[in-house]
DNA sequence: ATTCGACATGTAGTTTTGTACACGTCATAG
DNA sequence: CTATGACGTGTACAAAACTACATGTCGAAT
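Shown next as structure tokens:
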């Protein structure tokens, strides 16, 4: 359901085509809310049917630029203030960490190092983006300020994860060598 | 696809029924990988058909306790070492933050305060859990040590988010009152 | 005795998300 | 002039995930 509001929110800033929006999802949003073009085009159609957005102009290759309607703007605002935040996250990386005990300590060490590097690099990317915004490269429209906040969250989140992955590497592996598997002589070995 | 491995990983630790697993997802995993019972029962069926798990024993109310097979154990391990980590996250809270500029500054202040409180409380919950583990309340099996690492990630993640929400409250709202809406005189107002 | 709540598993139907396929346009570099 | 790559929109199909419904058992308290 959130894609609907994501689209509405983006269109509240400025009109855009399905293609434009797809680019934004790929380049800027994939870290917090991934979406592929078939879903985007589909949702734009529904939004238009519902009168929350409307075709603003048509361009060259069948390009259709959508603009938000007053009803659509009211609807995003309603969402922002009235709908409770869904706090469920889906983090495969953390799910995996539950099962680290099944890994060979050496493999785990490598894994954690590459995870740390990944998160650190992601944080650096966000940081750069933030610096550009702070330099004023993108102007100082309200929507730019909001994005700066989102980026700040990204920086903090990925730094936290990087710190965690580094900390995890310092946790000593099981002392008596890398023993077998699921709880010694378990049901799996029958 | 990850649910499959989540189940396999949990069963690698100890045999369990669909009901048991559902409880674990509700109580411990909903923050990092939510799953409801229909999905779990369905996946258990497929896993059993594939020979990765097997019914270990049957209990009172049609209860079926599954245990992982050697093939299943090999499969989780393969996943852990060979499959690349999917780093995409889906965080509605951050998606919303992109659109904060559409909110009334007062509503936003309230929102951020409640977000901060939520994250702080979540972090505290994880911290408590971690303390219990460190006290040895859950023994010191390898799987418990892994879970301790996951919890550590939870603590760091939610503290980071709480810090962010507090920081965001200090960012000054647009100076010249709370003006209109989408970029002055925008397309939406036509 | 009976009722209530936890235990326990499943199906049906829908929504959401993703992959693959399919088609056509415009600009530009060779 | 023609091939390539970015532009641009869409459909078909499959997989994943959620809601609601359906059914029945067992233990404990009233």
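Residue numbers (this note's numbering), protein chains in the order written: chain A, 101 to 290; chain B, 101 to 290.
Even glycine gets a Cβ: it sits at the ideal position worked out from N, Cα and C.
Owing to the predicted nature of the structure, the values given are computational and were not obtained by experimental measurement.
For residue i, the three-state DSSP class (helix, strand or coil)
i, result
"residue 292 of chain A", "The question about residue 292 of chain A has no answer here: the residues shown for chain A are numbered 101 through 290."
"residue 120 of chain B", "helix"
"residue 241 of chain A", "coil"
"residue 270 of chain B", "helix"
"residue 292 of chain A", "This structure does not reach residue 292 of chain A, given that chain A is present from 101 up to 290, and the question cannot be answered."
"residue 138 of chain A", "helix"
"residue 173 of chain B", "helix"
"residue 131 of chain B", "coil"
"residue 187 of chain B", "coil"
"residue 256 of chain B", "helix"
"residue 236 of chain A", "coil"
"residue 178 of chain A", "helix"
"residue 220 of chain B", "helix"
"residue 285 of chain B", "Its pLDDT being 40, under 50, residue 285 of chain B is placed unreliably by the model, and nothing is read from it."
"residue 161 of chain B", "coil"
"residue 280 of chain A", "Residue placement at residue 280 of chain A cannot be trusted, given a pLDDT of 48 that sits under 50; the coordinates are not used to answer."
"residue 290 of chain B", "Caution applies to residue 290 of chain B, whose pLDDT of 37 falls short of 50 and renders its modelled position unreliable; the model cannot decide the point."
Of the listed residues the options, nearest to residue i (C-alpha basis)
i, options, result
"residue 252 of chain A", "B/249, B/131, B/250, B/269", "B/269"
"residue 110 of chain B", "B/163, B/209, B/246", "B/246"
"residue 183 of chain B", "A/196, A/174, A/147, A/206", "A/196"
"residue 146 of chain B", "B/180, B/214, B/166, B/208", "B/166"
"residue 154 of chain B", "B/257, B/169, B/141", "B/169"
"residue 53 of chain A", "A/267, A/249, A/106", "Nothing can be reported for residue 53 of chain A, as the shown portion of chain A is limited to 101 through 290."
"residue 242 of chain A", "A/229, A/157, A/114", "A/114"
"residue 257 of chain A", "A/129, A/273, A/237, A/223", "A/223"
"residue 178 of chain A", "B/202, B/129, B/216, B/121", "B/202"
"residue 160 of chain A", "A/180, A/117, A/141, A/210", "A/117"
"residue 192 of chain A", "B/273, B/217, B/130", "B/130"
"residue 267 of chain B", "A/255, A/244, A/262, A/273", "A/255"
"residue 143 of chain A", "A/233, A/162, A/156, A/122", "A/122"
"residue 128 of chain B", "B/156, B/174, B/248, B/171", "B/248"
"residue 265 of chain B", "B/172, B/240, B/138, B/200", "B/200"
"residue 273 of chain A", "A/208, A/198, A/138", "A/208"
"residue 181 of chain B", "A/152, A/205, A/262, A/234", "A/205"
"residue 112 of chain A", "A/126, A/261, A/157, A/174", "A/174"
"residue 211 of chain B", "B/240, B/262, B/149, B/124", "B/262"
"residue 101 of chain B", "B/219, B/225, B/238, B/186", "B/186"
"residue 218 of chain B", "A/188, A/156, A/137", "A/188"
"residue 271 of chain A", "A/234, A/213, A/238", "A/213"
Enclosing beta strand (DSSP E) for residue i [first to last residue]
i, result
"residue 156 of chain B", "153–158"
"residue 200 of chain B", "Careful: residue 200 of chain B lies outside any beta strand (DSSP E) and carries neither H nor E."
"residue 165 of chain B", "164–168"
Start and end residues, alpha helix (DSSP H) containing residue i
i, result
"residue 112 of chain B", "102–113"
Distance between beta carbons of residue j and residue i, contact taken as under 8 Å
i, j, result
"residue 132 of chain B", "residue 194 of chain A", "4 Å"
"residue 229 of chain B", "residue 163 of chain B", "In fact, because the Cβ distance is near 27 Å, the residues do not count as touching under 8 Å."
"residue 103 of chain A", "residue 135 of chain A", "6 Å"
"residue 198 of chain A", "residue 172 of chain A", "In fact, because the Cβ distance is near 41 Å, the residues do not count as touching under 8 Å."
"residue 190 of chain A", "residue 190 of chain B", "5 Å"
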